[in-house]
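A.B. asks: Sending over a structure as structure tokens; questions will come in a sec.
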Amino acid sequence: MPAVPVLDHDAVLAAVSPREAIDRTREAFLRHRAGEWRMPAKVYLEAPPHGDFRAMPALGDGLAILKWISSFPGNPALDLPTVMGVLLVSDATTSEPLAVVDARSVTALRTGAVAPVAARALAREGASTVGIVGCGLHGAWTARCLAADGYGPGVCFDPRPEVAEALAAELGWRAGTREEALDADVVCCITPGREVVVDAGDLRPGQHYNMLGADGPGKAEASIDAVAACALFCDEWAQASHGGELTGAVEEGLVTRDQVTDLGAVLAGEAPGRPGAEAVTMFDSTGLAIQDLAIASAALAAWRDGRVEAATMRL
Ligand SMILES: NC(=O)c1ccc[n+]([C@@H]2O[C@H](COP(=O)([O-])OP(=O)(O)OC[C@H]3O[C@@H](n4cnc5c(N)ncnc54)[C@H](O)[C@@H]3O)[C@@H](O)[C@H]2O)c1
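Taking my numbering, I'd label the letters of the sequence shown as residues 3 to 317.
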């Protein structure tokens with residue numbers, strides 16, 4: 003077996019800039035929409051009471067990947083990340099293993115990158131200000147990717163004021179209250195999804211919401227009334243309706259499949275996006291394996307081009 007590179011956290015972040023992550027993520031949605039990239043539903047493996055594991059395969063770009071990733075909400079108390087794992091890359095024509103990649107950095111980049119992709123497609127013309135609700139790891143990458151795409155200034159809110167202030171200082175934005183963050187043109191929620199942070203009364207005409215935190219069963223960041231009041235979009239219906247922000251409203255019978263548009267369809271020009279300047283749009287991101295494939299492919303290309311270094315190992 004040839005030696006395979008082990009691309010660690012820092013190598014991935016050195017290999018793939020937020021700008022490239024945004025472009026690759028957009029491309030992933032288009033290729034998937036066109037049927038060129040494929041992805042079965044992710045498999046959840048509950049590990050109560052600590053959290054859950056997810057197995058996420060995808061195929062495209064001549065590669066096949068499997069991301070093995072966790073969501074363990076109690077980990078920060080142990081000084082460990084909530085989300086971590088590994089991503090395996092194989093050649094899709096021979097099945098030869100090609101790389102072992104840190105999944106935490108890939109997840110951070112692709113989760114952040116989808117926020118400007120969705121905002122460009124769905125926010126009203128001229129939208130610029132950003133509200134970040136939840137400034138942990140993925141909130142920070144969401145803010146970085148929005149800033150890299152030209153959005154801002156922003157207001158960062160987190161019950162831990164020090165993380166909101168650090169993120170605001172990094173981007174030249176400011177820390178503020180939840181209400182101030184919810185007053186922005188583009189609002190992004192990336193909390194653990196244990197409590198509602200957006201209610202129907204918080205919505206302002208013309209806003210766009212990216213809901214990123216509720217990516218598994220039992221999680222929600224918006225009230226059912228808030229969800230039902232928005233023009234709705236999702237990354238993938240099966241995931242969003244069973245383990246995403248839309249789940250509660252779907253279970254109550256307030257939202258049905260025909261009321262929710264896939265982001266890929268909007269990007270491909272196959273479905274309308276924002277229904278009008280006054281509408282409130284909401285995008286439910288549950289996180290897709292095709293997004294991981296996009297970033298892993300970019301990281302592998304950077305290593306092959308000699309732009310980043312990695313230790314290698316023989317299997
Ligand atoms: N959609 C996706 O693709 C995707 C990808 C990765 C992670 N996630 C999910 O995003 C969520 C956050 O993950 P993370 O790794 O950033 O976790 P994290 O622990 O690093 O950050 C969460 C942040 O939310 C803050 N917070 C908690 N309650 C809040 C509230 N009521 N209002 C505002 N902020 C609040 C916390 O103080 C913390 O700073 C998790 O639920 C995770 O599963 C989604």
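From the three backbone atoms N, C-alpha and C, an ideal C-beta is built for every residue, glycine too.
Values in this document were obtained by computation on a predicted structure and should not be read as measured data.
Let's test the definition: count the other Cβ atoms within 10 Å of the Cβ of residue 3 and tell me whether it reaches 16, buried, or not, exposed.
C.D. replies: That one is exposed.
A.B. asks: Using only the heavy atoms of ligand 1, determine whether one of them is closer than 7 Å to the beta carbon of residue 163.
C.D. replies: Not under cutoff, so the answer is no.
A.B. asks: If you draw a straight line from the alpha carbon of residue 101 to that of residue 297, how long is it in whole angstroms?
C.D. replies: Roughly 13 Å separates the two Cα atoms.
A.B. asks: Hey, is residue 190 close to ligand 1, as in C-beta under 7 Å from one of its heavy atoms?
C.D. replies: No.
A.B. asks: Taking the alpha carbon of residue 317 as the reference point, which residue from 218, 110 and 99 has its own alpha carbon closest?
C.D. replies: Comparing Cα-Cα distances from residue 317 to each of 218, 110 and 99, the minimum goes to 99.
A.B. asks: If I'm right that residue 5 touches residue 315 with Cβ under 8 Å, what's the distance once you round it to whole angstroms?
C.D. replies: Between residue 315 and residue 5 the Cβ distance is about 6 Å, and since that is below 8 Å, they are a contact.
A.B. asks: In the DSSP output, what is residue 313 paired with across the bridge?
C.D. replies: Answer is 8.
A.B. asks: Measure the alpha-carbon distance for residue 282 versus residue 231 and round it to whole angstroms.
C.D. replies: Straight-line Cα distance between these residues: approximately 8 Å.
A.B. asks: Can you tell me whether residue 135 sits near ligand 1, meaning its C-beta is under 7 Å from at least one heavy atom of the ligand?
C.D. replies: Yes; taking the cut-off as 7 Å, the Cβ of residue 135 has a heavy atom of ligand 1 nearer than that.
A.B. asks: Which one or two residues does DSSP pair with residue 212 in a beta bridge?
C.D. replies: Its beta-bridge partners are 190 and 285.
A.B. asks: Counting Cβ pairs, one atom from each stretch, are 3 or more of them under 8 Å apart for the region 217 to 235 and the region 77 to 84?
C.D. replies: Short answer: they don't touch.
A.B. asks: Using beta-carbon positions only, say whether residue 200 and residue 13 come within less than 8 Å of one another.
C.D. replies: No, the Cβ-Cβ distance between residue 200 and residue 13 is not below 8 Å.
A.B. asks: To the nearest angstrom, report how far apart residue 246 and residue 216 are at their CA atoms.
C.D. replies: Approximately 5 Å between the Cα atoms of the pair.
A.B. asks: Look up residue 297 in the DSSP assignment and give the residues it is bridged to.
C.D. replies: DSSP, once it has assigned bridges, lists no residue as partnering residue 297.
A.B. asks: Once you ignore the five residues that flank residue 69 on each side, which residues in its own chain have a CB closer than 6 Å to its CB?
C.D. replies: Answer for residue 69: 58, 89, 105 and 294, listed in chain order.
A.B. asks: Smallest Cα separation from residue 128: which of 40, 141, 280 and 28?
C.D. replies: When each option's Cα is compared against that of residue 128, the closest is 280.
A.B. asks: Measuring CB to CB, does residue 263 end up less than 8 Å from residue 119?
C.D. replies: Taking 8 Å as the Cβ cut-off, residue 263 and residue 119 do not qualify as a contacting pair.
A.B. asks: Go ahead and pull the three-state DSSP assignment for residue 158.
C.D. replies: It is a strand residue.
A.B. asks: Could you name the residues that DSSP lists as bridge partners for residue 69?
C.D. replies: Looking at the DSSP assignment, residue 69 forms a beta bridge with 58 and 89.
A.B. asks: Could you tell me the distance, in whole angstroms, from the CA atom of residue 133 to the CA atom of residue 185?
C.D. replies: Cα to Cα, residue 133 sits roughly 7 Å from residue 185.
A.B. asks: Mapping the DSSP letters down to three states, classify residue 40 as helix, strand or coil.
C.D. replies: In the structure shown, residue 40 sits in a strand (DSSP, three-state: E or B).
A.B. asks: I'd like to know whether the C-beta atoms of residue 114 and residue 20 end up nearer to each other than 8 Å.
C.D. replies: Going by C-beta atoms, residue 114 is nearer than 8 Å to residue 20.
A.B. asks: Residue 291 and residue 60: beta carbons closer than 8 Å?
C.D. replies: Result yes, Cβ atoms of residue 291 and residue 60 sit closer than 8 Å.
A.B. asks: So for residue 94, helix, strand or coil by DSSP?
C.D. replies: The answer is coil: DSSP assigns residue 94 none of H, G, I, E or B.
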